[in-house]
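Engineer: When the letters of the sequence shown are read in order and numbered with the working numbering, they come out as residues 5 to 284.
Yeah, the Cβ is synthetic: ideal placement off N, Cα and C, and Gly gets one too.
None of the values given here were measured: they were computed from a predicted structure.
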Amino acid sequence: MAENPLVRVPAALPVLSKANALRRRVQGRLASFDMIQWDQVAYGERMRQHIHIWEMNDLCPRDGWPAVLLIHGGGWREGSWRDYESFGPQLSRKGFMVAAMDYRLAPKNPWPAQLEDVLEAIAFLRSQLTDPDRLALWGHSAGGHLAMMAAMAKPEWVRCAVALGAPSSLDGMDPVELQDVFGDLPLEEASPACLSPEDAPPILLVHGTADRVCPIDQARAHAEEKASVDLIEINDGDHGIRWPPIAALRARRQAVSWMVDQMDMPQRGSKWKRRKKGKR
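#1: Determine the extent of the alpha helix (DSSP H) in which Val180 is found, giving its start and end residues.
#2: I'd like to check one pair, Ala194 with Met153: are the Cβ atoms closer than 8 angstroms?
#3: Can you tell me the Cβ-Cβ gap for Ser96 and Glu59, rounded? I've got them flagged as a contact below 8 angstroms.
#4: Assuming Ile126 contacts Trp161 (C-beta within less than 8 angstroms), just tell me the rounded distance between them.
#5: Identify the continuous beta strand (DSSP E) that holds Pro70 and give its terminal residues.
#6: Cβ of Ile245 within 8 angstroms of Cβ of Gly169?
#7: Report back the beta-carbon spacing between Val102 and Leu74 to the nearest angstrom; my notes put them in contact at under 8 angstroms.
#8: Give the straight-line distance between the Cα atoms of Glu33 and Pro116, rounded to the nearest whole angstrom.
#9: Short of 8 angstroms in beta carbon distance, which residues of its chain neighbour Gly176, apart from the five on each side in sequence? Order them along the chain.
#10: Relative to the alpha-carbon of Leu109, which residue among Ser131, Leu191, Met51 and Gly68 has its alpha-carbon at the smallest distance?
#11: How would you label Ile238, buried or exposed, when you count the other beta carbons within 10 angstroms and need 16 or more for buried?
#12: In the DSSP assignment, what residue or residues form a beta bridge with Met101?
#13: Taking the alpha helix (DSSP H) that Glu229 falls in, what are its first and last residues?
#14: Taking Asp121 as part of the alpha helix (DSSP H), name the residues at either end of that continuous run.
#15: Just reading off the beta strand (DSSP E) that His54 is part of, what are its end residues?
#16: Using C-beta distances below 7 angstroms, list every residue in its chain close to Asp1, excluding the 5 sequence neighbours before and after it, in chain order.
#17: For the candidate residues Leu189, Gly187, Val210 and Asp234, whose alpha-carbon lies nearest to that of Ala204?
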């Protein structure tokens with residue numbers, strides 16, 4: 005954890021990190037009550053190519069479930085789907101099939117292995133009981149970068165993307181820290197702000213003004229230059245989108261509402277609704 009230069013965590017925080025992981029696990033189990041789950045579902049044949057899926061125990065919409073793919077952060081070097089262990093089931097109750105993915109990590113698997121895995125996971129989700137016209141991406145930090153890159157690579161597959169604390173331009177980061185991830189690749193080729201595909205899907209950036217890992221200036225520039233990109237700023241917000249607590253929570257809720265609006269959620273049946281008796 006502390007060895008990753010892109011995940012700057014004070015040395016005293018590993019204990020708090022373990023406590024936070026336990027909190028997410030407990031909250032996730034409570035939030036997933038009466039929810040269908042699939043664990044360690046393979047979307048490819050390589051190591052770490054698996055996802056965890058949450059689905060409402062409810063009637064599926066006619067055209068399939070709207071889907072959200074959650075992509076963890078960790079500087080492209082670390083992290084796990086368990087970062088979304090509590091958020092995944094909460095989001096699924098909005099009417100989504102939600103999948104949190106793992107992907108191959110650098111430096112053992114340099115770029116573009118991470119992007120290839122995200123695209124493979126999207127293709128897998130599209131083959132399930134999902135609506136191919138309603139698939140969103142959500143990611144934090146490196147996961148947000150991957151969400152934006154995948155949305156640019158396959159705009160016909162992605163309805164919208166939400167990126168929290170994510171780098172829009174890799175040129176604004178320390179090139180030494182990026183060397184074992186991107187090698188000698190020109191960083192512009194892996195910078196969402198430098199890409200302009202046709203029919204790019206809407207992207208929402210959520211960024212803290214006090215983010216020391218990914219400075220907010222690049223998010224502001226990205227939103228100013230691209231009409232399809234919106235920005236929610238968190239005053240004094242940190243990279244983890246956890247501080248200040250009330251403002252960060254409000255921003256995350258706004259991001260969820262934005263995504264729900266972009267997805268144009270279909271009506272679904274419910275086994276809990278009282279059925280009207282037909283006239284005889």
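Structural biologist: From the atom records:
#1: The residue labelled residue 180 in the question sits at position 176 within the sequence shown. Its alpha helix (DSSP H) spans residues Pro179 to Phe186.
#2: Reading the sequence shown from its first residue, position 149 is the one you call residue 153. Reading the sequence shown from its first residue, position 190 is the one you call residue 194. Closer than 8 angstroms, so yes.
#3: Numbered from its first residue, the sequence shown carries residue 96 at position 92. Numbered from its first residue, the sequence shown carries residue 59 at position 55. That belief holds up - the Cβ atoms of Ser96 and Glu59 are roughly 7 angstroms apart, short of 8 angstroms.
#4: The count along the sequence shown starts at 1 and reaches residue 126 at position 122. The count along the sequence shown starts at 1 and reaches residue 161 at position 157. Right, the Cβ-Cβ distance comes to about 6 angstroms (below 8 angstroms), so this counts as a contact.
#5: For the purposes of this step, residue 70 is identified with residue 66 of the sequence shown, where counting begins at 1. Looking at the DSSP string, the run of the beta strand (DSSP E) that includes Pro70 is Trp69 to Ile75.
#6: Translated into the one-based positions of the sequence shown, residue 245 becomes position 241. Translated into the one-based positions of the sequence shown, residue 169 becomes position 165. Yes, the Cβ-Cβ distance between Ile245 and Gly169 is below 8 angstroms.
#7: Here residue 102 refers to the residue found at position 98 when the sequence shown is read from its first residue. Here residue 74 refers to the residue found at position 70 when the sequence shown is read from its first residue. Sure, about 7 angstroms apart at Cβ, within 8 angstroms.
#8: The count along the sequence shown starts at 1 and reaches residue 33 at position 29. The count along the sequence shown starts at 1 and reaches residue 116 at position 112. The sequence given here has Arg at residue 33, not Glu. The straight-line gap from Cα to Cα measures roughly 34 angstroms.
#9: The residue labelled residue 176 in the question sits at position 172 within the sequence shown. Cys218, Pro219, Asp221 and Gln222.
#10: As a position in the sequence shown, residue 109 is number 105, starting the count at 1. Checked all of Ser131, Leu191, Met51 and Gly68; the closest Cα to Leu109 is Met51.
#11: Within the sequence shown, the letter at position 234 stands for residue 238. Buried is the call here.
#12: Stepping through the sequence shown from its first residue, residue 101 is reached at position 97. Partner(s): Ala71.
#13: Position 225 of the sequence shown, counting from 1, holds the residue named residue 229. Element bounds for Glu229: Ile220 to Glu229.
#14: By 1-based counting over the sequence shown, the position of residue 121 is 117. Residues Ala117 to Arg130.
#15: Reading the sequence shown from its first residue, position 50 is the one you call residue 54. Segment His54 to Met60, the beta strand (DSSP E) holding His54.
#16: Examination of residue 1 is not possible in this model, given that the chain is present from 5 through 284 alone.
#17: One-based indexing of the sequence shown puts residue 204 at position 200. Of the candidates Leu189, Gly187, Val210 and Asp234, the one whose C-alpha sits nearest the C-alpha of Ala204 is Asp234.
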